[in-house]
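The listed protein sequences derive, respectively, from chains A and B.
Here my numbering is used: the first residue of the first sequence is 1, the next is one more, and so on.
Here my numbering is used: the first residue of the second sequence is 1001, the next is one more, and so on.
Here's the structure, in structure tokens; my notes come after.
2 protein chains.
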Amino acid sequence: MKDSHRTKLSRFYWAHNRMPSFSEMAGLFGFASKNAVSKVVNRLVEEGIVQKDKTGRLIPGASLKGLAIRGTVGASFPSPAEEELVDVITLDEYLIHNHEATFMLNVSGDSMIDAGIHPGDIVLLERGKTPKHGDIVVAQVDHAWTMKYYEKKGKQVRLVPANKAYPMIFPKEELTITGVVVGVVRRYV
Amino acid sequence: MKDSHRTKLSRFYWAHNRMPSFSEMAGLFGFASKNAVSKVVNRLVEEGIVQKDKTGRLIPGASLKGLAIRGTVGASFPSPAEEELVDVITLDEYLIHNHEATFMLNVSGDSMIDAGIHPGDIVLLERGKTPKHGDIVVAQVDHAWTMKYYEKKGKQVRLVPANKAYPMIFPKEELTITGVVVGVVRRYV
DNA sequence: TGACAAGGTATACGATCGTTCACTATACTA
DNA sequence: TAGTATAGTGAACGATCGTATACCTTGTCA
């Protein structure tokens, strides 16, 4: 009941990719008057659930558009099974730094399996980023894409798989880096 | 130049979590008249970059709010290094099915490392989902959280780690399932 | 019992919304 | 060179926006 307004707002936001107008909220909440909505919204703003632009428009608060991190699991020391609210983040904010330069690739081989990148995963690549030693990159080798560790000692560059069954690559001439892997996501059906 | 309007819209959308009004777009695009904006928007709607609600409001098209999947990497057979556009998805849509019941936990141990879940990863949990045989779950054991495979043979339930260094768990009495792991995300700095 | 706060309705308000029409300037084409 | 799209300006339009005011219930508490 207390969460009801909040929940309805959340559902609307994710269904429509925008915040509802006051009239729409009246319908959502079951009010006949926009004034009732106005009072509810004021309370929600105070609670931080929604915010107002500098232009006065309604935008979702962090807890509406993000997901809560509620603790840590799997620590070798027994982590207290208490749900503290550590942070609220958006998957996009967390994984993507440069929207225009980022895209994704399906992963089908097991050449990076020792790095925890499995077949069926999706990797996020950022184009135009210069790789650092130890980064995972997708490079174009012999007209095909390969995902490897990018290692650089002095001027020597090599591409190292995270699976001993695959060979290293010492690029002879130019090396076309398609992108630097900035994230991995995996979905369990 | 051709992408300019699109890019500016994308930046605005991600910065403000809403679409700009026509007046704001006039400012964004450098127009003095809203009519110029109107013509541009009509074109963008035809191109599918933005859409209009049934209420006439502007919402981002798939390519604005989502990320493109541009192929497959790491196939054992050489996958052609051509960027086809396979799909456009949102990380939220891809990973989250039930917004209200989903939350995240940091991963700190290596007990699931053979399943490709590493320390530093973030797992997405869905609360209230009944686990199937083979699912990864977070359960409450001795006042601490553990992440394990959930295996069920007949009526026998056991929790199996994906790391031989850790023991199995055969819950004696009741087993408190905090949530079923529905996704994993990892960020490379 | 009376006072008062909380929560809702109804209505009116100026501001802004997106659309439209008439017009101008530029550039391309026959 | 004349003709015609293309792209933009400027002003006006009704509709909807979010806000504000006045009023009407309730339930609570002294």
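Virtual Cβ for every residue (Gly too), placed ideally from N, Cα, C.
Since the model is a prediction, treat every value here as computed from it, not as a measurement.
Notebook entry, point to check: Does B/Asn-1035 have its Cβ less than 9 Å from a Cβ in chain A?
Noted result: On the second sequence, residue 1035 of chain B is found 35 positions in, with the first residue counted as 1. Not one beta carbon of chain A lies nearer than 9 Å to the beta carbon of B/Asn-1035.
Notebook entry, point to check: For the beta strand (DSSP E) that contains B/Val-1073, what are its first and last residues?
Noted result: Within the second sequence, numbered from 1, the residue matching residue 1073 of chain B stands at position 73. Looking at the DSSP string, the run of the beta strand (DSSP E) that includes B/Val-1073 is 1067-1073.
Check: Given that A/Pro-60 touches chain B, what residues does it touch there, using C-beta distances under 7 Å?
Finding: Your numbering for residue 60 of chain A matches position 60 in the first sequence. In chain order: Asn-1017.
Notebook entry, point to check: Hey, which unbroken runs of the alpha helix (DSSP H) at 4 residues or more fall wholly within the stretch 82-150 of chain A?
Noted result: You should have 91-95.
Check: Pairing CB atoms from the stretch 1032-1047 of chain B with CB atoms from the stretch 63-73 of chain A, are three or more of them under 8 Å?
Finding: Too few Cβ pairs lie closer than 8 Å, so no.
Check: If you draw a straight line from the C-alpha of B/Ser-1038 to the C-alpha of B/Ala-1032, how long is it?
Finding: Position 38 of the second sequence, counting from 1, holds the residue named residue 1038 of chain B. Position 32 of the second sequence, counting from 1, holds the residue named residue 1032 of chain B. Their backbone Cα atoms lie some 12 Å apart in a straight line.
Next item on the list: Give a yes or no on whether 9 Å exceeds the smallest Cβ distance from B/Lys-1065 to chain A.
Entry: Here residue 1065 of chain B refers to the residue found at position 65 when the second sequence is read from its first residue. Yes, contact with chain A.
Next item on the list: Would you kindly report the start and end of the unbroken alpha helix (DSSP H) that includes A/Thr-55?
Entry: Here residue 55 of chain A corresponds to residue number 55 of the first sequence, with the count starting at 1. For A/Thr-55, there is no enclosing alpha helix (DSSP H), as DSSP marks it with neither H nor E.
Next item on the list: Determine the extent of the beta strand (DSSP E) in which A/Arg-186 is found, giving its start and end residues.
Entry: Walking along the first sequence from the start, residue 186 of chain A turns up at place 186. It spans 176-187 - the beta strand (DSSP E) in which A/Arg-186 sits, taken as one unbroken run.
Next item on the list: Check each residue of the stretch 1095-1115 of chain B: if its Cβ is closer than 8 Å to any Cβ of chain A, include it; give the result in chain order.
Entry: Taking 8 Å as the Cβ-Cβ cut-off against chain A, the residues of the stretch 1095-1115 of chain B that qualify are Leu-1095, Ile-1096, His-1099, Glu-1100, Thr-1102, Phe-1103, Met-1104, Leu-1105, Asn-1106, Val-1107, Ser-1108, Gly-1109, Asp-1110, Ser-1111, Met-1112 and Ile-1113.
Next item on the list: Go ahead and pull the three-state DSSP assignment for A/Arg-11.
Entry: Along the first sequence, one-based indexing puts residue 11 of chain A at 11. In the structure shown, A/Arg-11 sits in a helix (DSSP, three-state: H, G or I).
Next item on the list: With a cut-off of 8 Å on the beta carbons, I'd call B/Pro-1060 and B/Met-1019 a contact; round off their distance for me.
Entry: Within the second sequence, the letter at position 60 stands for residue 1060 of chain B. Within the second sequence, the letter at position 19 stands for residue 1019 of chain B. Contact between B/Pro-1060 and B/Met-1019 is confirmed by a C-beta separation of about 6 Å, below the 8 Å threshold.
Next item on the list: Check whether the Cβ atoms of A/Val-181 and A/Leu-91 lie closer than 9 Å to each other.
Entry: For the purposes of this step, residue 181 of chain A is taken as the residue at position 181 of the first sequence. For the purposes of this step, residue 91 of chain A is taken as the residue at position 91 of the first sequence. Cβ distance not < 9 Å, so A/Val-181 and A/Leu-91 don't count as in contact.
Notebook entry, point to check: How about the stretch 85-99 of chain A and the stretch 168-187 of chain A: do they share at least three Cβ pairs that are nearer than 8 Å?
Noted result: The answer is yes - the stretch 168-187 of chain A touches the stretch 85-99 of chain A, with three or more Cβ pairs under 8 Å.
Notebook entry, point to check: Any C-beta of chain A sitting closer than 9 Å to the C-beta of B/Leu-1175?
Noted result: As a first step, residue 1175 of chain B is located in the second sequence; it is residue number 175 there, counting from the start. Closer than 9 Å: no.
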